[in-house]
Each structure stands twice: as C-alpha cells, then as structure tokens.
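Worksheet for the structure shown next.
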Amino acid sequence: MGKDFLQEFINEATKENEARIAQEKRKKHFQELGRKGGLKTKENKKLDKVISIRMTNSEYEILIQKQEKYPLKLSTYIRNILFEKELKINEFQTDEILLQYGTHFKKISNLLRNREWNVFENKKEILVRIENLIGLIHQYLYSKTQKNE
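This is the structure:
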C-alpha cells in the first residue's frame, strides 16, 4: 500500500509539473508572438518642440472663434493652419456622411430582399440602382484614399 501511495503521489506531482511547464511554454510563446509582430504600432511623431508666441486679446479671441468651428484643440488647429492642412478637416466629415449613406442603403436593400416587400413591382430595379449607388460611393471613397497616398 505504501508503494501505491508513493507511486500515485509521484504521478500526480509529475502531472502538475508538466501542466506548469506547458503553461509557461504557452506564456512564452505568446510573449514571442508579441515581440515578433501583432498589430503595427502607430508611428506617432512626438511633438516635443514648444513654441510660445504673444498676441493681443483681440487676436486671441479671433483665433478661438475660428478654432471653435472645428473639433480640434487650439494647438492642433494652429499647426494645421501653419502647414496649410485646414481644408482637410472638413473632408473627413463628408466621408463619414457618405459611409453612413452607404450603410443605410445596404440596410434598405437587405430589407427589400425579404418576402414581405413583394408589393413593389419594380423591386429588382430598385435593388440594382441601390447596388450601383453603393458601388459609386465606395469607388469615390477608395479613389480619394488612393490620391492621398
């Protein structure tokens, strides 16, 4: 009986040890994956230079009024004006609106495909026009991104 207990204890200890080693190997494997790749880190240019300027109260108020039109911090707004990037701020808003339109049109076309909407005689024509419109929206947005690259 002593041998059985001893043998059972040794088997149990080796199983626990193997499980612990396997867990450590798994942990190291994922650490290596993290080092090798995964998602690319964003290349954020650090803004480490500080420039201070003096201006009158009226100039500051005008600057604040112009900045409030855009959802940007004051320093970002000034940087965009300095490097003539101000016009690109509104482009993203139109792109977001176009993307929303595209998703809404897709939802409409999915609804039209249901059996409940057999009332429309020209359902297929409506679906074709919606698909063409979605294609044009995507084509416009992708051509715009390719121009920016």
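The sequence shown maps to residues 266 to 414 in the working numbering.
From the three backbone atoms N, C-alpha and C, an ideal C-beta is built for every residue, glycine too.
Chain-order list of residues whose beta-carbon lies under 7 Å from that of residue i (same chain, five-residue window excluded)
i	result
Q332	L339, Y342
Three-state class that DSSP yields for residue i in the structure shown
i	result
D360	helix
Y335	coil
N397	helix
T321	coil
K314	coil
N276	helix
L377	helix
I402	helix
N282	helix
E390	helix
Contact set for residue i: own chain, Cβ-Cβ below 6 Å, skip 5 residues either direction
i	result
V315	none
K292	none
Endpoints, alpha helix (DSSP H) assigned at residue i
i	result
T341	339-347
Sequence-distant residues of the same chain with beta carbon closer than 8 Å to residue i, five excluded per side
i	result
L392	S374, L377, R378
Supposed close pair residue i, residue j - CB separation, criterion 8 Å
i	j	result
I402	Y366	6 Å
L406	F370	Their Cβ separation, rounded to whole angstroms, is 14 Å, which puts L406 and F370 out of contact at 8 Å.
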